[in-house]
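Enquirer:
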Amino acid sequence: MIIKNIKPLVSVDWLNTNLEASNLIVLDATINKVIDATSERLPNARFFDIKKKFSDVSAPFPSTLPSKEQFETQARILGINNDSCIVVYDDKGVYSSARVWWLFRVFGFKNVAVLDGGLPEWKLNSFPVEKYKNETYTKGNIEVHYNSKLMTNFEGVKQLSTNQNTLILDARSEARFKCLVDEPREGLRRGTIPNSESLPYTDLFKGNTFKPIEELSIIFSKLEVGNRTLVFSCGSGITACILALAATLCNYKNLIVYDGSWTEYGSLTE
Numbered sequence: 508m509i510i511k512n513i514k515p516l517v518s519v520d521w522l523n524t525n526l527e528a529s530n531l532i533v534l535d536a537t538i539n540k541v542i543d544a545t546s547e548r549l550p551n552a553r554f555f556d557i558k559k560k561f562s563d564v565s566a567p568f569p570s571t572l573p574s575k576e577q578f579e580t581q582a583r584i585l586g587i588n589n590d591s592c593i594v595v596y597d598d599k600g601v602y603s604s605a606r607v608w609w610l611f612r613v614f615g616f617k618n619v620a621v622l623d624g625g626l627p628e629w630k631l632n633s634f635p636v637e638k639y640k641n642e643t644y645t646k647g648n649i650e651v652h653y654n655s656k657l658m659t660n661f662e663g664v665k666q667l668s669t670n671q672n673t674l675i676l677d678a679r680s681e682a683r684f685k686c687l688v689d690e691p692r693e694g695l696r697r698g699t700i701p702n703s704e705s706l707p708y709t710d711l712f713k714g715n716t717f718k719p720i721e722e723l724s725i726i727f728s729k730l731e732v733g734n735r736t737l738v739f740s741c742g743s744g745i746t747a748c749i750l751a752l753a754a755t756l757c758n759y760k761n762l763i764v765y766d767g768s769w770t771e772y773g774s775l776t777e
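Residue numbers (our numbering): 508 to 777.
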């Protein structure tokens, strides 16, 4: 069985049913995961190291978008092919997995989905897990193409923040958005991007999984999105991608993630 044109979000039931698909690759996108003999994974999952392998580690800000060449090289090492079908999960439910989903889309690969509820939902349904073991994979043949329209940087977001046809949504907590608490990153000032609005990513979930699309659509409609371009920000570009996934589920178009998010913006402005 070969899976084509996968939806952006799949359930644990769907994945359990389709685990034997010949082109399926399951990626564990848990951040700062220590891989040892005690580490749990979904069957045959491959570790997608966001921080060390799929970020520009020379950049001044965390989780910065890697180059096309870096992404392609590391994806091939994981055995990913042009005809692969990818399902991404993490150990929090839906957190860093959305960032990986967005990265693949940024680099032109569309047959990729997030596992709704991730490892917690998988285990809640008593589906099988296994221990990690040392593995190497047959080198993949994936070829990627960078789509600059899906990401923006500091200069880009400064311009977008003055555009009436753009809505910037901040995935941080309301307390951080309103500058009521310190930022978790040491030395980073409190603040918000001008003309942005708050949409905490946690508002999109019920338990481990996304709320039904009908409820997500109501959340976005209350923000009076209309036909405006949506720009998503957060602390460092991780949870912004959760908003991008939710907006995609609600069939919104013209979506952009601010890669550096508040860590960059707050560091480069006063």
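Don't be surprised by glycine CBs; every beta carbon is placed ideally from N, CA and C. For clarity, every value in this text was computed on a predicted model and none was experimentally measured.
Please specify which runs of the beta strand (DSSP E), each continuous and at least 3 residues long, are wholly inside the stretch 578-665, giving them in chain order.
Expert: With a minimum length of 3 residues, the continuous beta strand (DSSP E) runs that stay inside the stretch 578-665 are 592-596 and 619-622.
Enquirer: If you drop the 5 nearest sequence neighbours on each side, which residues of the same chain put their C-beta closer than 8 Å to that of residue 653?
Expert: Same-chain partners within the cutoff: 575, 613, 614 and 615.
Enquirer: Please name the residue, chosen from 565, 701 and 570, that lies closest to residue 556 on a Cα-to-Cα basis.
Expert: Looking at the Cα atoms, 570 is the closest of the given residues.
Enquirer: Starting from residue 749, follow the alpha helix (DSSP H) in both directions and report where the run begins and ends.
Expert: Residues 747-756.
Enquirer: Going by the beta-carbon positions, is the gap between residue 682 and residue 747 smaller than 8 Å?
Expert: No, these two residues do not count as a Cβ contact at 8 Å.
Enquirer: Which first and last residues belong to the alpha helix (DSSP H) in which residue 684 is found?
Expert: Where residue 684 is concerned, the enclosing alpha helix (DSSP H) stretches over 681-684.
Enquirer: Smallest Cα separation from residue 732: which of 718, 694, 672 and 771?
Expert: For residue 732, the nearest C-alpha among the options comes from 672.
Enquirer: The beta strand (DSSP E) with residue 771 in it runs from where to where?
Expert: Note, residue 771: premise wrong, no beta strand (DSSP E); alpha helix (DSSP H) at 768-775.
Enquirer: For residue 519, which three-state DSSP category applies?
Expert: Residue state, collapsed to three classes: helix.
Enquirer: If we ignore side chains and look at the alpha-carbon of each, how far apart do residue 559 and residue 537 end up?
Expert: Approximately 12 Å between the Cα atoms of the pair.
Enquirer: For residue 634, which of 601, 549 and 510 has the nearest alpha-carbon?
Expert: Looking at the Cα atoms, 549 is the closest of the given residues.
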